[in-house]
Amino acid sequence: MMRNYKWALSLPVALGFAFPAFAQDDSLEQILACRQITEDAARLACFDTASGSLASDRESGELVTISRAEVEAVERETFGFNLPSLPSFTMPRLGRDTNSSPTASALTRAEDGETESTDAITIVERDSQGGVQKVEMLITEARRVGHSWIFTMENGQVWRQTSSDNIRVPSTRNGPRRAEIRRGSLNSYQMRIEGGRSIPVRRVE
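Residue numbers (our numbering): 80 to 284.
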C-alpha cells in the first residue's frame, strides 16, 4: 500500500526551475523544539508561538506541503535530465523501520518486491541519499538514425544512444520492449533492453 507522506518545501530556494527545493524551515524546527520542553505551560506557549509562525508561512506561500506521490511524479518525469535544483528535491528513503538507514530501507523494499510504479515507469532502485538510481520503462519505438538508436518510451520520454557501436536492438513490431535504465557516474546512463547488453544513452526529450 502506498503511504501518503508529506514534506515541507521552502519556495525561495528554487534555482530557476518550476520545482521548489527541499529545505529546513524554521517554523517546523520551532515546533519540533517545543517537544523538548518538560514544563506544561512553557511547552504550550512554545507550541502556540511556533504554530502561529507555521500558519503565517503557509498563508504567505513561503511554505507548502506536497505528498510522496507528487515527489515521485516529478522524479519520474525528470529522470535523465541534469537539473541543478533536483538533488535537494530527492526523497528520503522511507521504510518500515524509521531508524534504519536509507540503504537498508531500500533493500528491505526490494526484498519484499516493493517498487514505486505507475503504468509507464517504475522506480526500481534508489541510492543511499534517496535519489533515483534505476528505473524500468517500456520502449514503444526503436529506430536507427545515422550511427545511433533513438528510443521512444511509453511515457513519452525519448532516449538516444551516445556511442557509435553497431548494436542489435529487439524489434518493437510485436509489442513494447521492457528497458532498464541505470544512472552512472558523471550524469551518464546505461540502458539494458530485456536482459541484453548495456547501451550508453542520454535523454533528449
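Idealized CB from N, CA, C, for every residue including glycine.
Please report how far the alpha carbon of residue i lies from the alpha carbon of residue j, in whole angstroms.
| i | j | result |
| --- | --- | --- |
| residue 30 | residue 254 | Outside the shown range of the chain (80 to 284) lies residue 30, about which nothing can therefore be said. |
| residue 128 | residue 115 | 15 Å |
| residue 252 | residue 260 | 21 Å |
| residue 133 | residue 144 | 12 Å |
| residue 161 | residue 120 | 50 Å |
| residue 275 | residue 208 | 29 Å |
| residue 245 | residue 278 | 10 Å |
| residue 142 | residue 157 | 23 Å |
By the DSSP assignment, the beta strand (DSSP E) with residue i in it spans what residues?
| i | result |
| --- | --- |
| residue 144 | 142-146 |
| residue 277 | 277-282 |
Between the beta-carbon of residue i and the beta-carbon of residue j, is there less than 8 Å?
| i | j | result |
| --- | --- | --- |
| residue 215 | residue 258 | yes |
| residue 284 | residue 237 | yes |
| residue 272 | residue 256 | yes |
| residue 227 | residue 243 | yes |
| residue 66 | residue 202 | Any property of residue 66 remains undetermined from this structure, which presents the chain solely from 80 to 284. |
In chain order, what residues of the same chain lie with their CB nearer than 7 Å to the CB of residue i, ignoring the 5 residues before and after it?
| i | result |
| --- | --- |
| residue 234 | 199, 200 and 216 |
Locate the alpha helix (DSSP H) running through residue i, then write down its first and last residues.
| i | result |
| --- | --- |
| residue 110 | 105-113 |
| residue 133 | 119-139 |
Looking only at its chain, what residues have a beta carbon closer than 8 Å to the beta carbon of residue i, apart from the 5 residues adjacent to it on each side?
| i | result |
| --- | --- |
| residue 125 | 109, 112, 113 and 116 |
| residue 159 | 236, 238, 260, 268, 281 and 282 |
| residue 266 | 161 |
Which same chain residues end up closer than 6 Å to residue i when comparing Cβ atoms and leaving out the 5 residues on each side of it in sequence?
| i | result |
| --- | --- |
| residue 230 | 218, 221 and 238 |
Whole runs of the beta strand (DSSP E) within the stretch 188-269, excluding any shorter than 3 residues
200-205, 211-224, 227-232, 237-240 and 256-262
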